[in-house]
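Asks: Mapping of the sequence shown onto full-length UniProt numbering: position 61 corresponds to residue 61, and the numbering continues sequentially without gaps. Just so it is clear, CB atoms sit at the ideal spot from N, CA and C, and this is done for glycine as well. Computed from a predicted structure; not experimentally measured. Okay, here's the structure, questions in a sec.
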Amino acid sequence: MPKKGPKKKSKKSVRRRSWNPEEYASKMAPIVARMVGLDILGLSDEQMEALLKDILIQIIGDRVTKPKPETLVNAIRRGQDKIYSIIASRLLDSMDPSSITPDQFEFILSYIGPFVIEYIDKLIDISKRLDPSRIDEIRHLWELAWSQRNGGPIGTCPRCGFKAVGPDGTCIVCGYVLSDKELKNSVDFEVKLNSFIQEASCEDLKRILNNPILYVNDYSVTITRTSPWDVEIHLNKDELEKVRTEYVKRCEKRRRETLAIQKSEDEIIKEIISKL
Ligand SMILES: [Zn+2]
């Protein structure tokens, strides 16, 4: 007797689509763009196709029947933040910064998200041309994007105001090389050093006196590097003096006390021996 179920199923799975997803995505791109309101970007159908086509192809996936425009729109709305951040970055890639319109700039600022880091130079240029007052918002987006990554610049640049000081003391946004004093200010070194000194062990204080280098992260200073973004700081005379003072106050005293206890023990032992 022939088996029923499996045969039917395998017949179903060989159904092939009789349409080309790429062609369909090209045709649908401008239509879907209008439906989701992307016509605000003022792009031609060809430009819209370049921005959206491969996203639509991914949404279509291996569907056998052509998805309705509404289905494509719903899929875009479900993944809107991610899809629009890709579109925002593609706009910046494909267009000259000098031709970005205020509406396009608005869209980019709303959706660029994590890509702000890669496109920071273009964004600053466009902001200078269209609306310099938006630079604060770009600074905020920049910090937000870094906070979502593992690590990032520690200090704020005194020239451009971005939290963008690299581990070598150069601003990764504007290229400014910070002086020693500026670098220490930018990473809040004094405050972090003071609390470090209070909490450090005698051993650590001694290590700094022998090798006066510390690494600054967002929250504190450490003796060894904890991330590639940590800023290396060489202690100056005054800072080293602070360490020395604390060491003498807290550690030398203890050392002397320990020695004194040892000494008295030695004396007691001597006494005992002499009485034997
Ligand atoms: Zn800078």
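Over the uninterrupted alpha helix (DSSP H) stretch that includes I59, give me the two end residues.
Replies: 45 to 60
Asks: Listed in chain order, which residues are found with a beta carbon closer than 5 angstroms to a heavy atom of ligand 1?
Replies: Listed by position in the chain, the residues whose beta carbon lies within less than 5 angstroms of some heavy atom of ligand 1 are C157, R159, C160, C171, V173, C174, Y176.
Asks: On the premise that V231 lies in contact with G169, defined as a C-beta separation below 8 angstroms, what is that separation, rounded to the nearest angstrom?
Replies: 7 angstroms
Asks: Tell me the DSSP secondary structure of T245 in three-state form.
Replies: helix
Asks: Assign P153 to buried or exposed, taking buried as 16 or more other Cβ atoms, counted over all protein chains shown, within 10 Å of its Cβ.
Replies: Burial check for P153: the Cβ neighbour count within 10 Å reaches 16 or more, so the residue is buried.
Asks: Mind checking which residues open and close the alpha helix (DSSP H) that includes Y84?
Replies: 80 to 94
Asks: Mapping DSSP to helix, strand and coil, what is Y215?
Replies: strand
Asks: Taking the C-alpha atoms as reference points, what is the distance between P102 and F196?
Replies: 48 angstroms
Asks: Could you give the distance in angstroms between the alpha-carbon of P2 and the alpha-carbon of K66?
Replies: Reliability fails at P2, whose pLDDT of 49 lies under 50, so the model's placement of it is uncertain and the value that follows must be treated cautiously. The straight-line gap from Cα to Cα measures roughly 35 angstroms.
Asks: Could you give the distance in angstroms between the alpha-carbon of G113 and the alpha-carbon of G37?
Replies: 19 angstroms
Asks: Mind the definition here: the stretch 130 to 148 touches the stretch 72 to 92 only if three or more C-beta pairs lie below 8 angstroms; say whether that holds.
Replies: no
Asks: If you follow the alpha helix (DSSP H) that V191 is in, where does it begin and where does it stop?
Replies: 189 to 199
Asks: Whole angstroms is fine: what's the gap from G155's alpha carbon to D238's?
Replies: A straight-line Cα-Cα distance of about 22 angstroms links G155 and D238.
Asks: Please name the residue, chosen from T226, L235, L193, that lies closest to G151 on a Cα-to-Cα basis.
Replies: Here the closest residue by C-alpha is T226.
Asks: For L56, does the count of other Cβ atoms within 10 angstroms reach 16, so buried, or fall short, so exposed?
Replies: It counts as buried.
Asks: Tell me, to the nearest whole angstrom, how far the beta carbon of P167 is from that of P228; I am working on the premise that it is less than 8 angstroms.
Replies: Between the beta-carbon of P167 and that of P228 there is about 6 angstroms, and that keeps the pair under the 8 angstroms contact cut.
Asks: Considering just the uninterrupted stretch of the beta strand (DSSP E) at I233, what are its terminal residues?
Replies: 231 to 234
Asks: Let me make sure I understand the geometry here. Which of I108, A50, P21, L183 has the alpha-carbon closest to that of N236?
Replies: L183
Asks: Between which two residues does the alpha helix (DSSP H) harbouring D39 extend?
Replies: From DSSP, D39 is part of no alpha helix (DSSP H); its letter is neither H nor E.
Asks: Assuming L209 is part of the alpha helix (DSSP H), what are its boundary residues?
Replies: 202 to 210
Asks: Once the 5 residues before and after P212 are set aside, which same chain residues still bring their CB inside 7 angstroms of it?
Replies: H234, L235, L240
Asks: Can you find the residues in the same chain that come closer than 6 angstroms, C-beta to C-beta, to K53, ignoring five residues on each side of it along the sequence?
Replies: A25, S26, A29
Asks: Quick test of your reading: C251 and L214, contact by CB under 8 angstroms. State the CB separation rounded to the nearest angstrom.
Replies: C251 to L214, Cβ: 18 angstroms. No contact.
Asks: Give the single residue among D218, R63, D266, L209 whose Cα lies nearest to the Cα of R17.
Replies: For the options D218, R63, D266, L209, the alpha carbon positioned closest to that of R17 is the one of R63.
Asks: Using C-beta distances below 6 angstroms, list every residue in its chain close to Y119, excluding the 5 sequence neighbours before and after it, in chain order.
Replies: L92
Asks: Based on DSSP bridge pairs, tell me the residues matched to T170.
Replies: T170 is bridged to V177.
Asks: Please report the residue range of the alpha helix (DSSP H) in which E137 lies.
Replies: 135 to 147
Asks: Do V32 and I83 have their C-beta atoms closer together than 8 angstroms?
Replies: no
Asks: In whole angstroms, what is the alpha-carbon distance linking K192 and R207?
Replies: Rounded to whole angstroms, K192 to R207 spans 17 angstroms at the Cα level.
Asks: With DSSP collapsed to three states, give me the class of K68.
Replies: coil
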